[in-house]
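*Asks:* Numbered as in numbering that gives the first Met the number 0, the sequence shown ends at 158 without a single skipped number.
C-beta atoms are modelled at their ideal positions from N, C-alpha and C, and glycine is treated no differently.
Mind looking over this structure? Questions follow.
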Amino acid sequence: MTTRSKISAGLLLYRRPEGRELEVLLVHPGGPFFARRDEGYWSIPKGEPNPDEALLACAIREFEEEIGVAPTSGRYVELGTVQQRGGKLVHAWAFEGDWTGQTPTSNVFEIEWPPRSGKMQSFPEIDRAEFFSLGIAARKINEAQGEFLRRLAALVAEG
0 MTTRSKISAG
10 LLLYRRPEGR
20 ELEVLLVHPG
30 GPFFARRDEG
40 YWSIPKGEPN
50 PDEALLACAI
60 REFEEEIGVA
70 PTSGRYVELG
80 TVQQRGGKLV
90 HAWAFEGDWT
100 GQTPTSNVFE
110 IEWPPRSGKM
120 QSFPEIDRAE
130 FFSLGIAARK
140 INEAQGEFLR
150 RLAALVAEG
């Protein structure tokens, strides 16, 4: 049986700018380990559920915590679940909307940095959030989460 700590839930915000192709909002992890890492490291805004928290409620909460604004949709389309390389199951929902592009105001975490220095430093969970076309997003996103992009493209094509 999968424990709750091996589960995340998130939202995939998409928009259809006039005259351009579909775009999705992805987030980049903060902290020193990811500072110079790009392709394959971006993600949908997501996080782990609290005990007894519904997965969609978790996804909505995590979006607000990582992006800094509450999602404005009343309609979330389930994209299903993927399993990442480390075994974590990620559940996702898509919604159409927009985001003004301000700097994310995510939670922070503390780690000893530099290693073995005895100094604790705080870093944002998310250091960037950007809209990408599906083609670029497919290169940027975590490999397993790329399936969410394919599912979203199929749903949007169906109308």
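(1) Would you mind sorting GLY73 into buried or exposed? The rule is 16 or more other CB atoms within 10 Å of its CB.
(2) Please confirm whether ALA93 and LEU78 have their CB atoms less than 8 angstroms apart.
(3) Tell me the residue span of the beta strand (DSSP E) that contains VAL23.
(4) Return the chain-ordered list of same chain residues with a C-beta closer than 6 angstroms to the C-beta of HIS90, the five sequence neighbours on each side being excluded.
(5) Should VAL68 go down as buried or exposed, given a rule of 16 or more other Cβ atoms within 10 Å for buried?
(6) Could you tell me the boundaries of the beta strand (DSSP E) in which GLY79 lies?
(7) Assuming contact is defined by CB atoms lying nearer than 8 angstroms, are GLU129 and VAL107 in contact in what I supplied?
(8) Under 8 angstroms by Cβ, that's how I've got GLN83 and ALA137 pegged, so tell me the actual separation to the nearest angstrom.
*Replies:* In this structure, then:
(1) Your numbering for residue 73 matches position 74 in the sequence shown. The residue is exposed, with fewer than 16 neighbouring Cβ atoms inside 10 Å.
(2) As a position in the sequence shown, residue 93 is number 94, starting the count at 1. As a position in the sequence shown, residue 78 is number 79, starting the count at 1. Yes; because the gap between Cβ atoms is below 8 angstroms, this pair is in contact.
(3) The residue labelled residue 23 in the question sits at position 24 within the sequence shown. 22–28 is the extent of the beta strand (DSSP E) around VAL23.
(4) By 1-based counting over the sequence shown, the position of residue 90 is 91. ALA8, LEU54 and THR80, listed in sequence order.
(5) Taking the first residue of the sequence shown as position 1, residue 68 is located at position 69. Counting every other CB atom within 10 Å of its CB across the protein chains shown gives VAL68 a total below 16, marking it as exposed.
(6) Locating residue 79 in the sequence shown gives position 80, counting from the first residue. Taken as a continuous stretch (DSSP letters only), the beta strand (DSSP E) holding GLY79 covers 76–82.
(7) The count along the sequence shown starts at 1 and reaches residue 129 at position 130. The count along the sequence shown starts at 1 and reaches residue 107 at position 108. Contact flag unset, no.
(8) Within the sequence shown, numbered from 1, the residue matching residue 83 stands at position 84. Within the sequence shown, numbered from 1, the residue matching residue 137 stands at position 138. The Cβ separation is near 16 angstroms, so there is no contact.
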